[in-house]
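The structure under discussion appears below in the form of structure tokens.
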Amino acid sequence: PAIQLKNEIKAHAAITDESTSTIIHSTLRTYPLSDAGQHPTNEPLMLMIQRQRTTETVDADGRLPDKLRKTYRDEGFI
Numbered sequence: 004p005a006i007q008l009k010n011e012i013k014a015h016a017a018i019t020d021e022s023t024s025t026i027i028h029s030t031l032r033t034y035p036l037s038d039a040g041q042h043p044t045n046e047p048l049m050l051m052i053q054r055q056r057t058t059e060t061v062d063a064d065g066r067l068p069d070k071l072r073k074t075y076r077d078e079g080f081i
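Residue 4 is where the sequence shown starts when you use this note's numbering, and the numbers rise one by one after that.
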């Protein structure tokens with residue numbers, strides 16, 4: 004169960020912009036309490052999520068990617 008939990012958290016972190024705590028909470032809700040002793044603590048899970056996420060980099064001209072130049076409503080602000 005612990006390996007499956009880690010794999011689900013990694014997959015979730017790679018495809019969503021949700022906060023770290025939200026990812027952990029939503030994933031842990033699906034696991035039975037009887038397996039709670041086998042799960043790692045929150046700190047290693049948080050580090051795993053942060054390592055899984057990619058950082059956005061500037062392009063060759065030093066400009067931000069389009070994703071970071073718009074608000075969540077697709078309004079340009081840069």
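In this text, a Cβ means the ideal position worked out from N, Cα and C, and glycines have one as well.
### Task
Pull up the DSSP beta-bridge partners for Lys73, would you.
Gly79
### Query
My guess is that Ala16 and Ile26 are in contact by the Cβ rule of under 8 Å, so how many angstroms apart are they, rounded?
6 Å
### Task
Kindly indicate the opening and closing residues of the alpha helix (DSSP H) around Pro47.
45-55
### Query
Which word fits Ser12, buried or exposed, when buried means at least 16 other C-beta atoms lie within 10 angstroms of its C-beta?
A small correction: the amino acid at residue 12 is Ile; Ser does not occupy that position in the sequence shown. Counting Cβ neighbours within 10 Å, Ile12 comes out buried, since at least 16 surround it.
### Query
With a cut-off of 8 Å, do at least 3 Cβ pairs link the region 47-55 to the region 20-36?
yes
### Reduced DSSP category for Ser22 - H, G, I as helix; E, B as strand; rest coil
coil
### Alpha-carbon spacing of Thr57 relative to Arg66, whole angstroms
17 Å
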